[in-house]
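A short write-up of the structure that comes next.
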Amino acid sequence: MLGDRQQATGSSYRPLTDYQKTRYADKNGRVGWLNDFSFALDNYKGKSDINILDVGGGTGLFANNVWNYFDKSANVYCLEITEYDTWKNTEGVNFIKGSAENLETIFGDIKFDVIFMNNVVHHFVKDTYSDTVKCQRNILESANHLLTENGILCINDEPVDSYLCVFSNWLIYQLTTISNSHISTLIRKLGAKAAGVGVHFLSLSEWVVTLCELNFTPMILNPGKGKRKWYMHLFLLLKEDRFGFQVVCKKKV
Numbered sequence: 001m002l003g004d005r006q007q008a009t010g011s012s013y014r015p016l017t018d019y020q021k022t023r024y025a026d027k028n029g030r031v032g033w034l035n036d037f038s039f040a041l042d043n044y045k046g047k048s049d050i051n052i053l054d055v056g057g058g059t060g061l062f063a064n065n066v067w068n069y070f071d072k073s074a075n076v077y078c079l080e081i082t083e084y085d086t087w088k089n090t091e092g093v094n095f096i097k098g099s100a101e102n103l104e105t106i107f108g109d110i111k112f113d114v115i116f117m118n119n120v121v122h123h124f125v126k127d128t129y130s131d132t133v134k135c136q137r138n139i140l141e142s143a144n145h146l147l148t149e150n151g152i153l154c155i156n157d158e159p160v161d162s163y164l165c166v167f168s169n170w171l172i173y174q175l176t177t178i179s180n181s182h183i184s185t186l187i188r189k190l191g192a193k194a195a196g197v198g199v200h201f202l203s204l205s206e207w208v209v210t211l212c213e214l215n216f217t218p219m220i221l222n223p224g225k226g227k228r229k230w231y232m233h234l235f236l237l238l239k240e241d242r243f244g245f246q247v248v249c250k251k252k253v
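Numbering (our numbering), first residue to last: 1 to 253.
And the structure:
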């Protein structure tokens, strides 16, 4: 049963931005991510009472694709802190308005076979760098607690592998959390869409270490392909250009 947050009531739906409208109009917009994970997901096809959670699922496009991928038979949940107007007309998805920081409180004793976190972990930020690191770890740990014994966590994210190591992650966090409009505009022009809000990335090695420390076993890891701008390479002293990666983790038992 659900905890202190109930299903979306529709009282304060947020309209889509022009960018989101374009993405939502493309019904195959994020099927590519499903294809990347198909080797692991196919093990659950044909089974009854499959529970799937998309954390930070936004408009619900990906969650709806997941529902269709499982022949409209899985119990699919989408957790998002903001209600979107697409929720009213998206079939097959249980939309929950709430924060990922409250995963275990929200879902109570529900256990999930598959949990997705698509391009969201680096957006889990707090007022300080140390609290941000703790927040991300706590959310990943909560996901582990919500998985069934044979459940899997599927992650898409953007690792930053730099010769500056952890300092580059700290620097990106500090620059993107600056509230000054002139500075945030400049940072946004350099490619940081979350300028003024904040992001915190991990390197590929940090991802592997963090997941192992949190009782996961990374099974398959696709390091991603590079497509960052030359000035980002120069500014961050990148040694590996990994723009986007996928990892499937199994819960250690």
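Quick reminder that beta carbons are idealized off the backbone N, C-alpha and C, glycines included.
What you are looking at is a predicted structure, and each value in this text was computed from that prediction instead of being measured.
Identity of the residues DSSP links to residue i by a beta bridge
i, result
"T217", "K250"
"E80", "K97"
"I274", "Because the chain in this structure spans residues 1 to 253, residue 274 falls outside the shown range and cannot be described."
"N138", "BP columns for N138 are empty, so no partner."
"L147", "F112"
"F245", "D157"
"I152", "V114, K250"
"N222", "Q246"
Buried or exposed by the 16-neighbour rule on C-beta atoms within 10 Å, applied to residue i
i, result
"K38", "Per the sequence shown, the amino acid found at residue 38 is Ser instead of Lys. Exposed, since its Cβ has fewer than 16 Cβ neighbours within 10 Å."
"I155", "buried"
"E35", "This sequence places Asn at residue 35; Glu is not what is there. With fewer than 16 Cβ atoms within 10 Å of its Cβ, N35 is classed as exposed."
"T177", "buried"
"G57", "buried"
"S142", "buried"
"T128", "exposed"
"C249", "buried"
Rounded C-alpha distance that separates residue i from residue j
i, j, result
"N65", "H145", "25 Å"
"I139", "T210", "12 Å"
"Y173", "V199", "5 Å"
"S73", "S168", "44 Å"
"K251", "R137", "15 Å"
"I106", "V166", "32 Å"
"P218", "I152", "10 Å"
"A175", "N68", "What sits at residue 175 in the sequence shown is Leu, not Ala. Roughly 40 Å between the two C-alpha positions."
"G46", "V253", "24 Å"
"L214", "C135", "13 Å"
"T59", "Y84", "6 Å"
"A257", "W170", "Residue 257 lies beyond the residue range present for the chain, which begins at 1 and ends at 253; the question has no answer from this structure."
"G108", "N94", "15 Å"
"Y231", "E104", "For Y231, the predicted structure reports a pLDDT of 49, less than 50, and the residue's modelled location is therefore unreliable. A value from the coordinates is still provided. Those two C-alpha atoms are separated by around 41 Å."
"F124", "V55", "11 Å"
"S48", "D42", "13 Å"
"C212", "E206", "10 Å"
"S130", "V160", "18 Å"
"L61", "W33", "12 Å"
"T148", "I110", "9 Å"
"K126", "N75", "31 Å"
Check: residue i C-beta below 7 Å from any heavy atom of the ligand ADP
i, result
"F112", "This structure does not include the ligand ADP; it has no bound ligands of any sort."
When the options are compared against residue i, the one with the closest alpha-carbon
i, options, result
"F245", "E91, F201, D157", "D157"
"Y44", "P159, S130, F112, G57", "F112"
"I115", "D71, W170, L53", "L53"
"A40", "C135, F124, A143, N150", "N150"
"L204", "W170, E213, V247", "V247"
"D256", "G60, I50, Y84", "The structure shown does not extend to residue 256, since the chain is modelled only from 1 through 253, so no value can be given for it."
"T132", "L202, C212, D42", "L202"
"N222", "C212, V208, F216", "V208"
Give a yes or no on contact between the region 78-85 and the region 96-110, applying the rule of three or more CB pairs nearer than 8 Å. yes
Count the C-beta pairs between the region 83-96 and the region 119-138 that are closer than 8 Å, then say yes if the count reaches three, no if not. no
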